[in-house]
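First comes the structure, then the notes that go with it.
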Amino acid sequence: MKPIRSVVIVGGGTAGWLTAGIIAARHQARMKAGGFSVTLVESPDIRAIGVGEGTWPTMRSTLERIGVSETALFRECDAAFKQGGKFVGWTTGAPGDAYYHPLMIPHGFSRVNLVPHWLSGAHGGSFCDFVTPQGRLCDQGLAPKTIAQGEYRSAANYSYHLDAGKFGPFLARHCTEKLRVRHVLADVTAVRQSESGDITGLDSAQAGCIEGDLFVDCSGFHALLIGQTLKVDFKSCHDVLLCDTALAVQVPYETPDQPMASETIATAQAAGWIWDIGLPTRRGIGHVYSSRHMSEEAAREALLGYMGAQHRDLPVRKIPIRSGHRQIFWKNNCLAVGLAQGFLEPLEASAIVLVELSAKLLAEQMPACREVMDIVARRFNEVTLYRWGRIIDFLKLHYVLTRRTDTAFWRDNVDPATVPQRLQDMLTLWKFQSPWFFDELDRLEEVFPAASYQYVLYGMGFRTEVVPEDRAESSSDAAKLVTENARMTAELCARLPKNRELLNRIHQYGLQPV
Amino acid sequence: MTHIVPLNIEKYRDLKVDGRPAAAHGDSRHFVQVIVGEFSHLLVHYPILFGKHRETGRFFCGAMLGFIEGENQFLQDWREEPEFYRPLSLQRGPFYVHGPELAIDLDDPRVGAESGEPLFTAQGQPSRYLQRIIWAFQDLQPGIEQTQIFIARLLELNLIEPIDIEVEFEDGTLRHCDGLYTINQESLARLADAVVIELFRRGYLALIYMMIDSLKQVRVMARTKNARLLKKTEGLVPAQSARGE
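So the protein lines, in turn, are chains A and B. Quick note, the first sequence lines up with residues 1 to 514 if you use the numbering used here. Quick note, the second sequence lines up with residues 515 to 759 if you use the numbering used here.
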């Protein structure tokens with residue numbers, strides 16, 4: 001029997017350090033006893049990509065579990081609250097066309113599906129406001145909690161916008177100082193493999209040979225182990241998601257106390273969309289577009305038009321988006337996490353959540369010995385492939401529901417040839433029943449649960465035919481939930497502070513641990 | 515409005531202050547900040563808990579005086595029994611400290627009342643009333659800092675947890691007090707021996723148990739309030755039957 005005692009992670013970006021932290025926190029007792037180790041190898045020269053500035057609420061539980069202080073996160077990573085996404089101009093492109101995908105699930109979601117009741121049309125107003133306070137909180141620029149609520153506690157569900165360039169080093173300090181992760185600064189010059197193809201060690205210029213039992217490839221686009229060494233093929237999904245380029249820029253605030261949004265704003269453009277993420281110190285803005293439908297020059301002009309001509313001289317970074325993922329993610333004794341797995345346009349901040357889910361799955365299912373590893377690997381591949389598929393479907397959903405016909409980009413996006421069969425089937429089904437429980441999206445850790453589909457579908461005016469008699473059974477429960485939601489909305493709007501005001505207080509006083 | 519000035523004997527020799535507890539004198543509070551030095555006096559009457567400052571979110575120690583915002587169940591006791599312990603931060607009345615000096619808020623309604631107590635004797639010495647204020651501040655000033663240090667150590671040891679206080683009264687109302695915290699007894703039981711000794715030597719262990727013991731007062735307060743509610747309803751019953759006759 002060959003026990004797994006030493007995990008070696010290659011790459012020191014967000015993916016590498018999150019993976020290190022999640023594994024080390026889960027296996028801390030064994031590490032203390034000396035029977036297990038986590039090593040992270042990072043090139044002293046390569047800088048992290050650091051584009052991902054949006055996260056999912058899973059990040060709250062992840063950071064709490066690995067023992068990070070939330071106050072330190074806010075102070076050291078320029079973190080801010082994220083309460084969801086606001087999609088502007090995606091449905092018709094007309095003025096006022098916008099909807100929210102908030103992070104709170106509809107009120108009473110586990111008991112009653114409110115969709116049929118909203119579709120009856122008797123209530124007016126948006127689906128989001130019908131089922132949750134969070135859209136209103138975003139409209140009013142309110143924070144999701146008060147200063148008196150301890151770290152990781154909330155009045156409204158939230159996640160973070162953060163400076164990814166600072167987040168990696170922040171996690172690195174925590175992992176090495178608190179969680180016994182060994183940090184090796186070295187350039188990998190060669191990868192040693194056994195006859196079976198298993199990786200046995202990494203030769204490095206600075207630290208000699210780094211041996212290990214299990215290797216995690218967090219080397220980003222390089223895919224040093226999973227791609228270059230183990231030759232796992234890449235599966236493009238460009239035929240589904242048409243955008244292939246991003247232009248990113250960091251925009252300063254006009255004044256230091258300028259109000260800041262707590263939602264990621266995604267504004268549709270002629271051949272793509274523009275993200276707008278508010279950090280306390282600056283806004284991160286980027287234009288994601290299809291180079292087949294728009295020239296770089298036009299894309300730059302559109303970006304400038306969005307942020308204002310006074311920002312003409314700010315440096316713009318061009319990032320290629322090669323949409324797709326590896327055919328498999330775990331081969332031999334090596335698995336990929338992060339950009340080495342694949343990359344998609346950052347429409348729903350799915351990159352970091354997939355890192356968390358992958359690392360958690362590995363940490364929980366850590367194979368005891370090489371002999372059982374292939375069983376775990378098979379599961380990991382099955383689940384991860386499923387997740388990539390569902391994320392691609394969910395991103396495509398935002399495009400396929402559009403009624404825009406003003407440009408070739410939007411017209412091409414609804415071409416059935418670009419829509420995965422599974423998504424087509426779901427859309428066909430959802431004409432007669434809305435996504436809720438017992439749908440396909442029922443896995444334990446679904447990246448986008450049925451609630452997310454509800455927000456996008458009914459935010460974009462999708463119609464599900466509902467038999468009125470079908471509603472009758474739950475109508476009194478539904479009426480109660482809707483009243484409760486309205487009361488909760490009024491109560492939270494009256495009590496919560498402004499988003500920036502709370503961040504200022506956190507910087508000044510900190511959040512209490514309880 | 516406040517108008518706080520240093521307490522100058524030349525200027526304010528004849529000033530009188532009404533130091534009696536009264537709703538109009540700022541005593542209508544249901545939770546009031548206290549310091550560790552008071553715990554042994556407090557625990558015979560009041561639950562001692564942690565609250566959080568609204569502006570900063572930081573913890574402070576407080577005595578619970580009532581179940582409803584602005585309701586002080588002990589006001590009557592304070593007025594009838596001068597020896598009934600009243601938290602220092604209320605005892606101090608309209609006085610403040612300004613550096614090393616005592617200061618007074620001239621706009622406070624308690625200041626200048628004809629029926630009040632003189633601050634100085636005919637000989638220009640502090641009156642008994644003022645002397646008690648001076649003593650209160652001698653305890654309060656260092657006490658606030660000592661209490662902060664105590665709280666910081668408890669937080670480091672994960673010894674503070676939220677407490678849900680829910681009481682149902684005779685009149686059918688259900689009162690839920692949130693935003694309150696107490697000692698986490700599970701964490702307390704798991705402390706390493708060396709830490710227990712450290713807490714004992716610093717006097718913190720005694721404070722911790724005083725806070726735990728004081729939780730009993732929640733039930734006593736609920737009983738008192740219920741008894742008062744019953745009295746009120748009893749008073750109503752004959753009136754109603756009288757109407758019926």
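Cβ atoms here follow ideal geometry from the backbone N, Cα and C, with glycine treated the same way.
Backbone CA spacing between residue i and residue j [nearest angstrom]
{"i": "B:Gln754", "j": "B:Thr747", "result": "Confidence is the limiting factor: at B:Gln754 the pLDDT is only 43, short of 50, which leaves the residue's position unreliable, though a coordinate-based value still follows. Their Cα atoms are separated by approximately 10 Å."}
{"i": "B:Asp532", "j": "A:Pro57", "result": "55 Å"}
{"i": "A:Tyr160", "j": "A:Thr418", "result": "32 Å"}
{"i": "A:Leu362", "j": "A:Ile23", "result": "8 Å"}
{"i": "B:Glu615", "j": "A:Ile265", "result": "55 Å"}
{"i": "B:Ile648", "j": "A:Glu356", "result": "59 Å"}
{"i": "A:Glu185", "j": "A:Ile352", "result": "A quick correction: the sequence has Leu, not Glu, at residue 185 of chain A. A:Leu185 and A:Ile352: Cα-Cα distance of roughly 23 Å."}
{"i": "A:Ile274", "j": "A:Thr62", "result": "28 Å"}
{"i": "A:Pro169", "j": "A:Ala79", "result": "14 Å"}
{"i": "B:Ala770", "j": "B:Phe588", "result": "Only positions 515 to 759 of chain B appear in this structure, which leaves residue 770 of chain B out of reach."}
{"i": "A:Asp203", "j": "A:His27", "result": "26 Å"}
{"i": "A:Thr405", "j": "A:Ala450", "result": "28 Å"}
{"i": "B:Lys530", "j": "B:Pro561", "result": "33 Å"}
{"i": "A:Leu214", "j": "A:Pro3", "result": "10 Å"}
{"i": "B:Pro623", "j": "A:Gly121", "result": "58 Å"}
{"i": "A:Thr402", "j": "A:Asp374", "result": "43 Å"}
{"i": "A:Trp198", "j": "A:Arg192", "result": "It should be noted that the sequence gives Asp, not Trp, for residue 198 of chain A. When rounded, the distance between both Cα atoms is 8 Å."}
{"i": "B:Gly758", "j": "B:Glu585", "result": "For B:Gly758, the predicted structure reports a pLDDT of 36, less than 50, and the residue's modelled location is therefore unreliable. The matter cannot be settled from this model."}
{"i": "A:Lys166", "j": "A:Arg47", "result": "12 Å"}
{"i": "A:Ile285", "j": "A:Leu247", "result": "8 Å"}
{"i": "A:Arg495", "j": "A:Asn485", "result": "15 Å"}
7 Å Cβ cutoff, residue i in contact with chain A
{"i": "B:Thr696", "result": "no"}
{"i": "B:Glu671", "result": "The sequence shown places Leu at residue 671 of chain B, rather than the Glu named in the question. Judged by the 7 Å Cβ criterion, B:Leu671 is not in contact with chain A."}
{"i": "B:Ser755", "result": "Interpretation of B:Ser755 is limited by its pLDDT of 41, a score under 50 that renders its predicted location unreliable; no figure is taken from the coordinates."}
{"i": "B:Gly571", "result": "yes"}
{"i": "B:Lys566", "result": "yes"}
{"i": "B:Ile663", "result": "no"}
{"i": "B:Ile674", "result": "yes"}
Where residue i falls, given that 16 or more other Cβ within 10 Å makes a residue buried
{"i": "A:Asn332", "result": "buried"}
{"i": "B:Ile582", "result": "exposed"}
{"i": "A:Tyr386", "result": "exposed"}
{"i": "B:Ser603", "result": "buried"}
{"i": "A:Pro346", "result": "buried"}
{"i": "B:Pro752", "result": "Interpretation of B:Pro752 is limited by its pLDDT of 47, a score under 50 that renders its predicted location unreliable; the figure taken from the coordinates is listed afterwards. It counts as exposed."}
{"i": "A:Cys209", "result": "exposed"}
{"i": "A:Met1", "result": "exposed"}
{"i": "A:Ala520", "result": "Nothing about residue 520 of chain A can be read from this structure; chain A reaches only from 1 to 514."}
{"i": "A:Glu301", "result": "exposed"}
Selected residue, minimal CA-CA separation from residue i, among the options
{"i": "A:Gly35", "options": "A:Ala359, A:Phe81, A:Ala368", "result": "A:Ala368"}
{"i": "A:Gly12", "options": "A:Asp187, A:Pro468, A:His161", "result": "A:Asp187"}
{"i": "A:Pro102", "options": "A:Pro95, A:Pro116, A:Ser110, A:Asp129", "result": "A:Asp129"}
{"i": "B:His690", "options": "B:His567, B:Val548, B:Gly580, B:Asp528", "result": "B:Gly580"}
{"i": "A:Leu242", "options": "A:Val68, A:Pro320, A:Ala309, A:Val316", "result": "A:Pro320"}
{"i": "A:Ala156", "options": "A:Arg500, A:Glu491, A:Arg505", "result": "A:Glu491"}
{"i": "A:Val337", "options": "A:Gly227, A:Asp257, A:Arg180, A:Val181", "result": "A:Gly227"}
{"i": "A:Lys396", "options": "A:Gly510, A:Val240, A:Lys431", "result": "A:Val240"}
{"i": "B:Ala761", "options": "B:Gln699, B:Pro520, B:Phe573, B:Leu671", "result": "Residue 761 of chain B lies beyond the range of chain B shown here (515 to 759); nothing can be said about it."}
{"i": "A:Pro259", "options": "A:Ser126, A:Gly141, A:Arg471, A:Val88", "result": "A:Gly141"}
{"i": "B:Arg600", "options": "B:Met725, B:Gly540, B:Glu524, B:Lys739", "result": "B:Gly540"}
{"i": "A:Gly201", "options": "A:Val181, A:Leu225, A:Ala15", "result": "A:Leu225"}
{"i": "A:Arg5", "options": "A:Glu364, A:Ser37, A:Phe221", "result": "A:Ser37"}
{"i": "A:His293", "options": "A:Tyr306, A:Gly272, A:Phe448", "result": "A:Gly272"}
Interface flag, residue i vs chain B, CB-CB below 7 Å
{"i": "A:Pro28", "result": "Sequence inspection shows Gln at residue 28 of chain A; the Pro mentioned does not correspond to that position. So no, A:Gln28 is outside the interface."}
{"i": "A:Pro513", "result": "yes"}
{"i": "A:Ile147", "result": "yes"}
{"i": "A:Tyr289", "result": "no"}
{"i": "A:Tyr509", "result": "yes"}
Residue j beta carbon less than 7 Å from that of residue i
{"i": "A:Pro133", "j": "A:Thr489", "result": "yes"}
{"i": "B:Val681", "j": "B:Ala741", "result": "no"}
{"i": "A:Val414", "j": "A:Val400", "result": "yes"}
{"i": "A:Leu18", "j": "A:His183", "result": "no"}
{"i": "A:Leu481", "j": "A:Val251", "result": "no"}
{"i": "A:Leu114", "j": "A:Ala478", "result": "yes"}
{"i": "A:Val131", "j": "A:Pro106", "result": "yes"}
Short CB-CB distance (under 7 Å) between residue i and chain D
{"i": "A:Tyr158", "result": "Of the chains in the structure shown, none is chain D; the protein chains are A and B."}
Residue i Cβ short of 6 Å to the ligand GDP heavy atom set
{"i": "A:Arg153", "result": "No copy of the ligand GDP occurs in the structure displayed, which carries no ligand at all."}
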